[in-house]
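Chemist:
Residue numbers (this note's numbering), protein chains in the order written: chain C, 1 to 677; chain R, 1 to 677.
1. Which one or two residues does DSSP pair with residue 181/R in a beta bridge?
2. Is the Cβ of residue 320/R closer than 9 Å to any Cβ of chain C?
3. For a contact defined as C-beta to C-beta under 7 Å, what are the partners of residue 674/R on chain C?
4. Can you tell me which of the three DSSP states residue 525/C falls into?
5. Just how far apart, CA to CA, sit residue 225/C and residue 241/R?
6. Ignoring anything shorter than 3 residues, give me the beta strand (DSSP E) runs that lie fully in the segment 389–415 of chain C, in order along the chain.
7. How big is the Cα-Cα spacing for residue 20/R and residue 276/R?
8. Looking only at DSSP bridge pairs, what is residue 49/R linked to?
9. Does any residue of chain C have a CB that is nearer than 9 Å to the CB of residue 336/R?
10. Could you give the distance in angstroms between the alpha-carbon of residue 743/R and the alpha-carbon of residue 151/R?
11. Hey, quick one: how far does the beta strand (DSSP E) through residue 211/R stretch, first residue to last?
12. Could you give the residue range of the alpha helix (DSSP H) that holds residue 475/C?
13. Using three-state DSSP, classify residue 381/R as helix, strand or coil.
14. Under 7 Å between beta-carbons, which chain C residues line up against residue 134/R? List them in chain order, please.
15. Mind listing which residues of the segment 278–291 of chain C have their C-beta closer than 7 Å to chain A's C-betas, in chain order?
16. How many Å lie between residue 683/C and residue 503/R at the Cα?
17. Just checking, does the segment 277–291 of chain R make contact with the segment 643–660 of chain C on the three C-beta pairs under 8 Å criterion?
18. Could you give the C-beta distance for residue 317/R and residue 44/R, rounded to a whole number, given that I count them as a contact under 8 Å?
19. Does any residue of chain R have a CB that is nearer than 9 Å to the CB of residue 162/C?
20. Can you tell me whether residue 547/R is buried or exposed? The criterion is at least 16 other CB atoms within 10 Å of its CB, across all chains shown.
21. Could you pull the DSSP bridge partners for residue 247/R from this structure?
22. Please give me, in chain order, every unbroken run of the beta strand (DSSP E) with length at least 3 that falls completely inside the segment 541–609 of chain R.
23. Run through chain C and tell me which residues come within less than 9 Å of residue 618/R, C-beta to C-beta.
24. Look at the Cβ atom of residue 674/C, then the Cβ atom of residue 490/C, and state whether they are nearer than 9 Å.
25. Please list, in chain order, the chain R residues whose beta carbon lies closer than 7 Å to that of residue 462/C.
26. Do you know offhand how far residue 8/R's Cα is from residue 302/R's?
27. Would you please state the rounded distance, in angstroms, between the beta carbons of residue 420/R and residue 387/R? I believe it to be under 8 Å.
28. Is residue 75/R near residue 116/R, with beta carbons less than 9 Å apart?
29. Is the beta carbon of residue 430/C less than 9 Å from the beta carbon of residue 403/C?
30. Under 9 Å, do residue 457/R and residue 487/C count as touching if we go by C-beta distance?
31. Is residue 170/C closer than 9 Å to residue 212/C when the C-beta atoms are compared?
32. Can you name the start and end residues of the beta strand (DSSP E) that residue 80/C belongs to?
33. Can residue 464/C and residue 496/C be called in contact, C-beta distance under 9 Å?
34. For residue 207/R, collect the residues of the same chain with a Cβ closer than 6 Å to its Cβ; drop the 5 residues on either side in sequence, then sort them by chain order.
35. Identify the residues that DSSP records as bridge partners of residue 487/C: which are they?
36. For residue 581/C, go through chain R and note every residue whose CB falls closer than 7 Å to its CB, in chain order.
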């Protein structure tokens, strides 16, 4: 079997189909590919790892149709698309408010079906429930199996995730039955008309068991705890299919990929059935989908894996051991069983972080008709990393870095910023903010006097001066965005500082996109070094930027007479990031952390008073930062847990939570006083 | 039965218990109340309509304990609290990330139980699932029935709302059984250890059927369509309880209250069983709960109803016809069966709108340690209505109105703003923005030249000038908030303009709270007149403000040489608000609206071209406003549907949705081109 040639050719075909290669001739390639495929006998499949645009049904349908035509030309048995391929995932409440788009996705689906011939196509869509049923939600998340000019079977999603960034259960009705139902149930299906038919489908002489995303995430032997009561894969397995096929839209998050790998391998081996998994690629707002579609053989061995973070049409034959394992983006391979330990060794996760974020930026811009970004270059780590990621995601010519020094800004910061821009090849301008700050201050003096004459609550020490600077800078950036077409200002806040509310509203946390809002500061240091080492242009980030201790350069530290260092205002980043990590990953609370030894404590003497002070500060600042989290621009979710508002919901009005807890004796004493009327 | 005296006394007791009356003697009142209550025989209950603080377990527990002590002193059979009373509703993902607070609510609950004696207390709490069960979510939403110093029974919520502002299903496991389970199941309950015991509970010789909020919202005869497959009330009815008791946390939304009224009346009458409904009062971020707890007798007749939007302890006896029907806030009485018709007659809903928003403001501030608000007073309708609401919610001395005229601002706008402030008695200052705008412009010229030398995409006509003004004003307001303690700037955008994206990022849509973000413009006109008529100080809003046609006064209309009128830039508000209403309430789409006759069209000639232009503009502007919705500050949800991000979720990256749909013939043509490879 000439699989080497198969993948050489299909890579060229991919480029042609993605309009990235106009020199090669697709027809010739198809002829040769078809011949190779014909040697595999039955079971040859195309995994169409697409990047759809949510709600752009015409765009998605055209892409689907093109890949069906291609798969048909190759005489494959079947081409499989990701979950909700016609609609794009996640469409969310949009379909409840604008039901027209569900009707549209159905119209396009039916017309696509008419154009299918011998090769089966498995296409995800939103299915309305238009019968006389009066219980539950209005839609199913479904797959259509189509060939010979019509829809032949429908498969509906049973397990609906409703945690983290997932909201399926808000607008989708869980299917009351596992597996396939006949096509006449289209848009008319419900609990009361379940047809007695095989749950699996025979295509090209082989039996396939189809499922949708979460449906395959509930194996009782694999997981120590389960979210749902039924396991669709186990139900399908009773009919002994030759192959499982799962259509997914599963975003990349830290440590999730190996879990996925292990689980899929486990299922294949456990049921002695190959598993074909087709994942969406591309980003939608805060979620970045990594693709990495794959096939495991009946022994749980990885037979094929598509590229990560790229569209690809991968030809495989799970029964004939035809496949190619493209390298996984580094960072997708941490072990599930690995003990959860906080580490500052981020090396393994940096390539994934890079691709997750750059795809997130690129797709947010391109799918919304945006093209350019402007950002402040302070010479600090946050804006530096953002600039690199933007240059790589959008093209250096589409990025404008503006150095906006104030009187506090050091000469080094200014030259570091300029050097960075030069190294990256992005556009650069320097615009002092002095005049704006001076004018604002003059006006403020007048205004504040008037306010003070009525309100006796003026702070002795305020952050007004700090914020004027940050807001003047944002004024510049939004000005550029207003004056130049398709341009978006960038919010450069990082995760550690957002936790502490160490970001200015309408200042550095304002923008149209926040690339590193889910990257903690200690990881950013490692990330900067990684970028210097792994990008085509090496060492674009001046060493001085990585070496300097971060500070916003908005205020002078009275004790040193120099710009305030963030760690002095907050706490050591190494300590802060471990607190965040312990809360997010281990659900630890105040006392747990007092009782644990932190990484930072291994190399530094920390008194109990100091630790207590830091932890008190952490909870106090976190509680008053909830508002800031709620108005953060879209940002790519990167870590296993985040504070992204689409992922984590905490009422702003919860600022009085006592994270320390209360002793039972104290509770008793307090309550006793309440019964005395 | 001396019920008149009963309610006279209990109103005074309420004031004492709420620390609003320190002259009266609670002990004397209790003696007299107890005597009256003793004449009712069995079945006397206290409805403790509390305003909890989410997550402030100590605060909530103390309040609960005080009301239990009061109820016990009166020798009532039982005191009933709202859903999740110890924790406050909604606590959301907070309990997943910080499980300590669930442990805390359990600790406090157990100590409260120990202090109960003869009077039963029904208290809502978050119950952990700590057994060896490994399926589902980690918590139940539960009620504890406590007396004689211990928890006697547990009731768990079965139906978990997961739409609009509700996210229960994200973090709560639905109870696998309806009704009561014994107390030994506390924190150890699951499907596999359901105890065979009565689902109802006998207290003081009467049988009660307890349920939690959504549990009573699934009657099959009442609703034309149902969300769930089971009806807990129907299940409880089989044991023929003497009384149903439902503990709720149900926020106020347009047209929801009459639905609630009709449904509860229907249930009581249908099962010939009185229904006691205890609702939370107070606001949390975007949700404003109205209270209005009530009792229906066995014939579905309203026997008692607590005040709306106020804490109250209401003594009732559903079997002895003891109750008082306090007046419902006007606007809570629209009929469920009323045909859905768009109307500009908002009169009926304005009192509810007023109380919903003022409570929303008051609680957001007080529960988060905030006290003061500053806002720009433009002399326009939006900022005017906001100023009135803030003055009423926070006290006039805590509101600072700043008139910030630019060269476009008319003399009338300035004097209207000042007059308004004087009429309201709020603090006032005038601060021209000229210097800031001039300085910014000077800097912008320099900056834009530099950018233009690299980017050839400068707009011929931009909104830069408009936005400088709005952002300079926000700069002032955030400056005040930085310089003066506990002060929050206010975002004054209204719903109609937010739909159109007619609001400046970091400008008028920036702030710590957005009071009228869910009030459409045409309603605001009616609201202003209502405020002038119904507030203690009449006619605080100058007539000129209500009469003038709204415009942001940010730009000059080239055609008229006068400040641009918003309706000329957008479309008539009457038309715009009807589009919004049709989409939100009737799920209409483009063609539906082309085919319908709008209210506006009754009095105005509108050509098809004009209507098409407006609708095209609506969808185009709405699609690009999604980002603005995502960064809107907290705002009270008022209408039956909103664009509040906690209520409505649409990906920002859905800007290519074709809301018009495509003809099948066109679909065919498009797809045919895709199969030619």
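Think of the CB as a built atom: it goes at the ideal place given N, C-alpha and C, for glycine as much as any other residue. Computed from a predicted model, the values in this text were never measured in an experiment.
Modeler: Taking the geometry as given:
1. Looking at the DSSP output, residue 181/R shares a beta bridge with 154/R.
2. Taking Cβ atoms only, chain C never reaches closer than 9 Å to residue 320/R, which makes this a no.
3. Near residue 674/R (Cβ distances below 7 Å), the residues of chain C are 62, 65, 66, 69.
4. The three-state reading of DSSP puts residue 525/C in helix, counting H, G and I together.
5. Rounded to the nearest angstrom, the two C-alpha atoms are 38 Å apart.
6. The beta strand (DSSP E) runs lying completely inside the segment 389–415 of chain C and spanning 3 residues or more are 399–403, given in chain order.
7. About 27 Å.
8. Answer is 312/R.
9. Confidence at residue 336/R is low in this model, with a pLDDT of 48, below 50, so the placement of that residue is unreliable and no value is reported for it.
10. Outside the shown range of chain R (1 to 677) lies residue 743/R, about which nothing can therefore be said.
11. Its beta strand (DSSP E) spans residues 206–212.
12. From DSSP, the alpha helix (DSSP H) with residue 475/C extends over 464–483.
13. Of the three classes helix, strand and coil, the one that applies to residue 381/R here is helix, per DSSP.
14. The CB of residue 134/R comes closer than 7 Å to the CB of 224, 225, 226 in chain C, given here in chain order.
15. Of the protein chains in this structure, namely C and R, none is chain A.
16. Beyond the ends of chain C as shown, which are 1 and 677, falls residue 683/C; an answer cannot be given.
17. Judged by Cβ distances under 8 Å, the segment 277–291 of chain R makes contact with the segment 643–660 of chain C, as three or more pairs qualify.
18. Confirmed, Cβ separation roughly 5 Å.
19. Closer than 9 Å: yes.
20. Residue 547/R is exposed by the Cβ-count criterion.
21. In DSSP, residue 247/R forms a bridge with 212/R, 278/R.
22. Taken in chain order, the complete beta strand (DSSP E) segments of 3 or more residues contained in the segment 541–609 of chain R number zero; there are none.
23. Among the residues of chain C, none has a CB under 9 Å from the CB of residue 618/R; the nearest is roughly 12 Å distant.
24. Contact: no.
25. The contacting residues are 482, 483.
26. The alpha-carbon separation between residue 8/R and residue 302/R amounts to approximately 20 Å.
27. Contact holds; Cβ gap of about 6 Å.
28. The Cβ atoms of residue 75/R and residue 116/R lie no closer than 9 Å to each other.
29. For the pair residue 430/C and residue 403/C, the CB atoms are nearer than the 9 Å cut-off.
30. Residue 487/C sits close to residue 457/R, with the two beta carbons spaced by under 9 Å.
31. Cβ atoms of residue 212/C and residue 170/C: not closer than 9 Å.
32. Its beta strand (DSSP E) spans residues 78–80.
33. Taking 9 Å as the cut-off, the Cβ atoms of residue 464/C and residue 496/C do not count as close.
34. Scanning its chain for C-beta atoms nearer than 6 Å, with the 5 sequence neighbours on each side dropped, one finds around residue 207/R the residues 200, 241, 242, in chain order.
35. Partner(s): 372/C.
36. Ordered by position in chain R, no residue passes the 7 Å Cβ test against residue 581/C, which lies about 12 Å from the chain.
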